[in-house]
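Residue numbers (the working numbering): -19 to 66.
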């Protein structure tokens, strides 16, 4: 009986910790998001872009499947197709 409680407790602990750890891709690619209510640009995985050009904003508004992604080397592209922007 006590072993069952310990097992359930550990399962709950592992589940809780796994949801708290941020979901950051290993390749450094971030997906761009936009909140029109507050005119706020952000990365879905967390953080905000330092600068966005009009071209990037227009590309996001095209609503291509997969959205717009960014690599740390200032490389913007469409997530699903890999087509570069700019």
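For every residue, glycine included, the Cβ atom is placed at its ideal position computed from N, Cα and C.
| Item | Value |
| --- | --- |
| Assigned secondary structure, residue -5 (DSSP; H/G/I helix, E/B strand, else coil) | helix |
| Run of the alpha helix (DSSP H) containing residue 40, from where it starts to where it stops | 34 to 41 |
| Coarse secondary structure for residue 11, derived from DSSP in three states | strand |
| Proximity test, Cβ basis, 7 Å: residue -19 and chain D | Going by chain labels, chain D is absent from the structure shown, which holds only one protein chain. |
| Expected contact under 8 Å - CB spacing of residue 11 and residue 49 to nearest Å | 5 Å |
| Span separating the alpha-carbon of residue 40 from that of residue 33 | 11 Å |
| Distance CB(residue 8)-CB(residue 22) smaller than 7 Å | no |
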